[in-house]
Structure formats: C-alpha cells, structure tokens
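A short write-up of the structure that comes next.
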Amino acid sequence: MLEQIEGSKAMARVIALCRPQVICAYPITPQTHIVEGLGDLVREGALQNCEFINVESEFAALSVAIGSSAAGARSYTATASQGLLFMAEAVYNAAGLGLPIVMTLGNRAIGAPINIWNDHSDAMALRESGWFQLFAETNQEAADLHVIAFRLAEELSVPVMVCVDGFVLTHAMERVDIPTQQQVDAYLPPYEPVQVLDPADPISIGAMVGPDAFTEVRYLQYYKQQTAFDLIEDLAAEFSESFGRASGGLLRDYHCGDAELAVVAMGSVNGTIKDVIDELRAEGMSIGLVTLVTFRPFPTRALQQVLAGAKHVLVIDRSLDPGMGGPLASNVDLALRNLLSPPAIHSAIAGLGGRPITKASLHRLFMQAMEKPWEGPNFVDLNEKVVGRELHRRARARRSGPAAENVLKILETERAAAFQARIETAE
Amino acid sequence: MIQVRIHGRGGQGVVTAAEMLSVAAFLEGRHAQAFPSFGSERTGAPVVAFCRIGDREIRLREPVQNPDILIVQDATLFKALDVLEGLSKDGFLLVNTARGFSDIHLDAVVARIPAGHAQAVPATELALAHISRPAPNTALLGAFTALTDIVTLDSVIAAIHRTFPGKLGEANERAARAAHDLVSSHIAAGKDTADA
Numbered sequence: 055m056l057e058q059i060e061g062s063k064a065m066a067r068v069i070a071l072c073r074p075q076v077i078c079a080y081p082i083t084p085q086t087h088i089v090e091g092l093g094d095l096v097r098e099g100a101l102q103n104c105e106f107i108n109v110e111s112e113f114a115a116l117s118v119a120i121g122s123s124a125a126g127a128r129s130y131t132a133t134a135s136q137g138l139l140f141m142a143e144a145v146y147n148a149a150g151l152g153l154p155i156v157m158t159l160g161n162r163a164i165g166a167p168i169n170i171w172n173d174h175s176d177a178m179a180l181r182e183s184g185w186f187q188l189f190a191e192t193n194q195e196a197a198d199l200h201v202i203a204f205r206l207a208e209e210l211s212v213p214v215m216v217c218v219d220g221f222v223l224t225h226a227m228e229r230v231d232i233p234t235q236q237q238v239d240a241y242l243p244p245y246e247p248v249q250v251l252d253p254a255d256p257i258s259i260g261a262m263v264g265p266d267a268f269t270e271v272r273y274l275q276y277y278k279q280q281t282a283f284d285l286i287e288d289l290a291a292e293f294s295e296s297f298g299r300a301s302g303g304l305l306r307d308y309h310c311g312d313a314e315l316a317v318v319a320m321g322s323v324n325g326t327i328k329d330v331i332d333e334l335r336a337e338g339m340s341i342g343l344v345t346l347v348t349f350r351p352f353p354t355r356a357l358q359q360v361l362a363g364a365k366h367v368l369v370i371d372r373s374l375d376p377g378m379g380g381p382l383a384s385n386v387d388l389a390l391r392n393l394l395s396p397p398a399i400h401s402a403i404a405g406l407g408g409r410p411i412t413k414a415s416l417h418r419l420f421m422q423a424m425e426k427p428w429e430g431p432n433f434v435d436l437n438e439k440v441v442g443r444e445l446h447r448r449a450r451a452r453r454s455g456p457a458a459e460n461v462l463k464i465l466e467t468e469r470a471a472a473f474q475a476r477i478e479t480a481e
Numbered sequence: 002m003i004q005v006r007i008h009g010r011g012g013q014g015v016v017t018a019a020e021m022l023s024v025a026a027f028l029e030g031r032h033a034q035a036f037p038s039f040g041s042e043r044t045g046a047p048v049v050a051f052c053r054i055g056d057r058e059i060r061l062r063e064p065v066q067n068p069d070i071l072i073v074q075d076a077t078l079f080k081a082l083d084v085l086e087g088l089s090k091d092g093f094l095l096v097n098t099a100r101g102f103s104d105i106h107l108d109a110v111v112a113r114i115p116a117g118h119a120q121a122v123p124a125t126e127l128a129l130a131h132i133s134r135p136a137p138n139t140a141l142l143g144a145f146t147a148l149t150d151i152v153t154l155d156s157v158i159a160a161i162h163r164t165f166p167g168k169l170g171e172a173n174e175r176a177a178r179a180a181h182d183l184v185s186s187h188i189a190a191g192k193d194t195a196d197a
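Going down the list, the sequences are from chains A and B.
Just so you know, our numbering puts the end of the first sequence at 481, numbered straight through with nothing missing.
Just so you know, our numbering puts the end of the second sequence at 197, numbered straight through with nothing missing.
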C-alpha cells in the first residue's frame, strides 16, 4: 500500500516483512530510526519470532549477528560511519565465513573531522571486505533492496550491505509502496542455510587456514562474487514481475544509448542528475546516466556494455581516497580501459560530509566535462578562497595549527561580517 | 512543482510541519517530499525543513533554494540568517508574528512580491490559546491553506490528526482552523496583518 512515510520507517516496515529472526540494534546517526522502528514493531507484536537484541557496541552488533547467522537464524543489523569501522574486524569475518547477514548502512562521512552527514566514505572504507554492496536511489528502492538482499544473501551464503544515503533518504518523507506479507513471503522463502551450527549434526565454522589453502578459500570467495551477476539480474527481474516496479539489479541506463557523455553515480544523487540530464538533453546535449546499484561485486561487463559507445565518462564519487582520488572513478577506469576505444574518464568528487549536490553545480560540471575536461579529481563547489587562505597560512608559519579549526575560523569571520551587514540593513 | 521552505527554531515543530504538509499533499493524490536540513537539532537552534509537491515523481534532492512559499516560524531569525534567500519574485511569505511587517522591517521584502502574497499571523498566540504550547507549526499550516490553494484545509487537518492522535490532534486542528480563518479575513479585507 502506498504510504507517505519517512525512509527509515519504510525500511523498518519492509525489513520486518522479511521475517528476520535476530536483530542486533545499536544506535548511530543517521541509521538509528531504522532499528528504533524495528524495535517498535517487535514490541507491538507486528514482528514475531524475532529476538531483538540491544547490544553494547557495533562490534557486538555484528559479532552477535555472526553467531546467530551461524546458528541458522535470519540475522539483521544496521550501522553507519564510525560504527562500521568499529565493527570492521567482524565485517571481514562475516564475509570470510560466508554468513548471509543483511546490514543497512545509513551512509555517513568518517572522521576526522567528525561529521554526522551523508557521503559514501563508510561504504568505500570496507569495499574490499567481501560484502555485497547495493546502493539505493530512492526510499522505495531502499525498502525494496532489503527484500532482494535477504534472498541474494541466502541463495549465495554471502553477507549483503544495503547502502542508503544518510539523512537525504533515511530522514526524507516520500511515498513508498509497502508490500504485503504475502508478496514478500512469495519472493523470499524461509532461510535454508548451507552451513549451520547444529548440536544434532556438529561441525565447526571458522578454521585457521595456512598458506597451503588460504588462496583457494579466498579464490572461492572471489569466484562466488564474480558468478553472482546473472543472479543479481534475475532477482531484480523476478522482483519487478512480483512487485510491479524496478528495484535492484546491477545498474540502470538512463539515455546512454546515444550519449557522447555518460555520467556514472551511486545513490540518491541520481534523481537530481536525471533532472539535469533532462534539461541538458532538451538543449541538445548528448548525455546519459548509469546508476550503479551493485557496487560489489563490481559489474565490469555490464558497465563495458552500457558505456561502449560513450566518448566521455564522468564518474561522481561521494567519497575521497586522499592518496588517489575517487574510488568509484578508479574502479570504472579499470573496467573500461581495455575496451578497443575506451572513453576518457573524468572524475568528480561531490557531496562530501553532507554538502548538497545542486542542479546548478551538476549543470556546470557536465558542461565542463564536454567543453573543458580536466585531469585528476574535480572537487565540485570547492571553496577555493578558503583553501587558498589556509594554504597561505601554512606557508607562512610552521605552527599553523589544525586544518579543521582554521577553516572554521575563516568561515566564522565571513559569517560574522555578513551578519553585521544584515543587522545594519535591518536598522 | 511547488517548493516550500520552512524556517524556525528547534522545538517549534519545523520538520513536523514539512512532513505534515507532505502528508496533506499525498492525501490529495500528489507526489510530495519532505526533508529536514539535517543539522544537529537542538532546542532554540535555527532549523530549516523543506517540502516539494508535484504531480510527477520528485527526483530532485537538493535543498530548496528558490522557494515558492517561505514559512517563517520565528521572526527573530531574520536577523540571524538570510531567511529570505532565493524567495522567488512571485513567491508567498508567511511569518509568525503578532506585529506588522513594518514593525519587523520587512516592508521592502513584502513590496518585492505580488500584493496579497505576504501574511503575518500570530501563530504562537493562537497555539498558546488552543494547544497551550508555543508550537506555531499547525496554525501556520492552517494559514498556509488560506494564503495559497496548494492543499486544502481539510487535507492539512487530516495530516494533523495522523501526526497527533486524539485530543492533541483536536487542539492542533482548532489552532489550524483559527489561523486559516484569520488569514481568510485578512485577505477578504485586503490586509496582511491583524493590525494593518
């Protein structure tokens, strides 16, 4: 049924319809409303046969989920940002053990500097952990991806992370079609583990593996990911047939067929990009968009196919590897560079730490990619004046102080001047 | 697509106002999106929330930069920040104040938008009278339905009851109706405040 609902609440409702048997809850902004919502549903009795466990940390959240998943229970948790880093060791373990846990990541920046707002730094920090990573464009997709994620996780016995832009989606209220229990049950059968800790049939899970077998175990992990692409597409097709809307899959193509310039992006920014693309196409610009839904495993062949005709590919990263640039751009570059006539890759870093990505900025960026392409990462809307002043300060004094505090001081001075001007105008 | 920006302070129900407005539009079968400005919300700190209403799926996720309607829940904000930034020249302005626009130095702003597009409403006083709490959000939404025809008063009242069940909902409904009627009477009399 269509409802006007906050993204987090919609996700909680749909996760509950997936009948998780263990939920490990620990609060961290901006994910908290999801586990709070699930807690309400368990308390009200809407979600039955579920252990809702208030754990003492993120490390405990995922450790408990590992235990319950190994014991054969459908297990769920959610986190964000520093919370994901705090559970990092368990994140790798869940993947290495092949346990089908589903975790929502309310995407948020990682400190320092401390920042509670949205970007993809957390997901990117653990992109090599072996989890599948799916990125939601809307709250409808955020809700839907959880149904797909449980099915995918359990078919392959892999953990799946559903990445949802913090605040921009988690705290936004929009219409979401909440499916019925029957619809979800028909799509998602009860969990049948490929490995389970069962006293009646004892095994051990988590062997120490030496140099003689480590590569092989790792290769099997790689093999499972590299052979998952068809399944991910099939599950999206089946979802669309059962639920009557498109969610999930490897990627979505928006006008790439004839496009000279193709943009590649993940998450909620895709909506804004589509609005800009509609305007630019109306002005005659040859531009399209690839919305990457599945980031891990990285759909190299699907990208090669959809981008084969593009002359320019502009990759928008919502995170920064300070020693390299945009991680998504690097991945796209690697996927495309052996094409017979590979497109030029342009990298843009946008929306770090919650900075809004506006239509006006994207408009400028896309025009620039066609008319005046750049080398290296382009920092969208970088305040060059502030950066310049701080670089100048560093050049002048050895003890120039902490960067974050210095930048805030410069901005504070500017704001105070604007405030004074407003007061004087008002009087 | 209609874009609304609501300014207020933490504790005044700014985010809830945007959400209720989106529910009202949803109940009329329209697409609507409401979201906060994502600050660390503290009582008294400036808060901004946004609402977009349209007849097609709303894909745009940027904050509302050029509002068609600006609702200001706390008139002291005009000095603290550039509340009016981006207000479209055909825009509407709804301010919670018991004073006139000239008393709060907004004459020039009111003159920039079409006649009849600005209204000053004593929403805090109405809220105190009807809800016994200084929460001006529902009164302003009631006033909003008198100033514009984007959503009906009935839809806003239905949204209020979804947010505040029981007696609290009824009290908020009274505040919304009172503000709606007050603004309707201002408009009928060609005024923009209670005193002018």
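Heads up, the beta-carbon is just placed ideally off N, CA and C, and yes, glycines get one too.
The model shown is predicted, which means the values in this text are computed figures rather than measured ones.
DSSP beta-bridge partners of GLY11(B) | THR44(B)
Anything in the segment 67-100 of chain B with a Cβ closer than 9 angstroms to a Cβ of chain A? List those residues in chain order, please.
-> PHE79, LYS80, ALA81, LEU82 and ASP83
Cutoff 9 angstroms: GLY121(A) Cβ touching any chain B Cβ = no
C-beta neighbour in chain A for ILE59(B), strict 9 angstroms = yes
Pairing CB atoms from the segment 430-445 of chain A with CB atoms from the segment 352-364 of chain A, are three or more of them under 8 angstroms?
-> no
The segment 73-89 of chain A / the segment 216-230 of chain A touching (three or more Cβ pairs under 8 angstroms) | yes
For chain B, is any of its Cβ atoms less than 9 angstroms away from the one on GLY325(A)?
-> yes
For VAL73(B) and ALA19(B), the rounded distance between their alpha carbons = 12 angstroms
Apart from the five residues just before and just after ARG67(A), which ones in its own chain have a Cβ nearer than 6 angstroms to its Cβ?
-> ILE232
Does the segment 401-415 of chain A come close enough to the segment 171-179 of chain A to have 3 or more Cβ pairs within less than 8 angstroms?
-> yes
State the beta-bridge partners of PRO431(A) as determined by DSSP.
-> SER401(A)
Residue-chain proximity (PHE102(B), chain A), Cβ-Cβ < 9 angstroms | no
Among GLN275(A), GLY363(A), PRO381(A) and ASN385(A), which one has its Cα closest to the Cα of SER395(A)?
-> GLY363(A)
Going by C-alpha distance, which of PRO376(A), ALA404(A) and GLU425(A) is nearest HIS366(A)?
-> GLU425(A)
Since SER133(A) and LEU159(A) are thought to touch, with beta carbons under 8 angstroms apart, how far apart are those beta carbons, to the nearest angstrom?
-> In the sequence as displayed, the identity of residue 133(A) is Thr instead of Ser. Right, their Cβ atoms sit about 6 angstroms apart.
Where ALA197(B) falls: helix, strand or coil (DSSP) = Residue confidence is low: ALA197(B) scores 46 on pLDDT, short of 50, so the model does not pin down where it sits. No coordinate-derived value is stated.
Within the segment 105-174 of chain A, note down every full beta strand (DSSP E) run reaching 3 residues or more, in order along the chain.
-> 105-108, 129-133 and 156-161
In chain A, which residues lie less than 7 angstroms from PHE27(B) when you measure between Cβ atoms?
-> GLN58 and ARG229
In chain order, what residues of the same chain have a beta carbon less than 6 angstroms from the beta carbon of ASP69(B), not counting five sequence neighbours either side?
-> ILE3, GLN4, SER89 and GLY92
Name the two residues that bound the continuous beta strand (DSSP E) containing PHE189(A).
-> 186-189
Got a sec: is the Cβ-Cβ distance from SER322(A) to anything in chain B below 9 angstroms?
-> yes
Where does the unbroken alpha helix (DSSP H) through ALA197(A) begin, and where does it stop?
-> 193-210
Measure the Cβ-Cβ separation of ALA130(B) and VAL184(B) and say whether it is below 9 angstroms.
-> no
Quick one: grab the DSSP three-state call for ALA102(B).
-> One point to set straight first is that residue 102(B) is Phe, not Ala, in the sequence displayed. The answer is coil: DSSP assigns PHE102(B) none of H, G, I, E or B.
Identified DSSP bridge partners for TYR276(A) | Looking at the DSSP assignment, TYR276(A) forms no beta bridge with any residue, so it has no partner.
Name the chain B residues that come within less than 7 angstroms of ILE286(A), Cβ to Cβ?
-> The contacting residues do not exist; ILE286(A) stays about 24 angstroms from chain B at best.
Nearest chain A C-beta to PHE145(B) closer than 9 angstroms, yes or no?
-> no
Reference ALA124(A), options ILE82(A), GLY91(A), PHE113(A) and VAL76(A), closest by Cα = VAL76(A)
Thinking ILE370(A) and VAL330(A) are a contact (beta carbons under 8 angstroms), I'd like their distance in whole angstroms, please.
-> Contact doesn't hold; Cβ gap of about 11 angstroms is too wide.
So LEU183(B) is in the alpha helix (DSSP H); what residue range does that whole segment cover?
-> 167-189
By Cβ distance, which residues of its chain are closer than 7 angstroms to ALA81(B), with the 5 residues on each side in sequence left out?
-> PRO47
Rounded straight-line distance, which links the Cα of ASP193(B) to that of VAL111(B) = 10 angstroms
Nearest chain B C-beta to PHE433(A) closer than 9 angstroms, yes or no?
-> no
Alpha carbon of GLU105(A) to alpha carbon of ARG97(A), nearest angstrom = 11 angstroms
Report yes or no: is there a C-beta of chain B within less than 9 angstroms of the C-beta of PRO399(A)?
-> The sequence shown places Ile at residue 399(A), not Pro. So no, ILE399(A) is outside the interface.
Compare the C-beta of VAL344(A) against all C-beta atoms of chain B and say whether one is closer than 9 angstroms.
-> no
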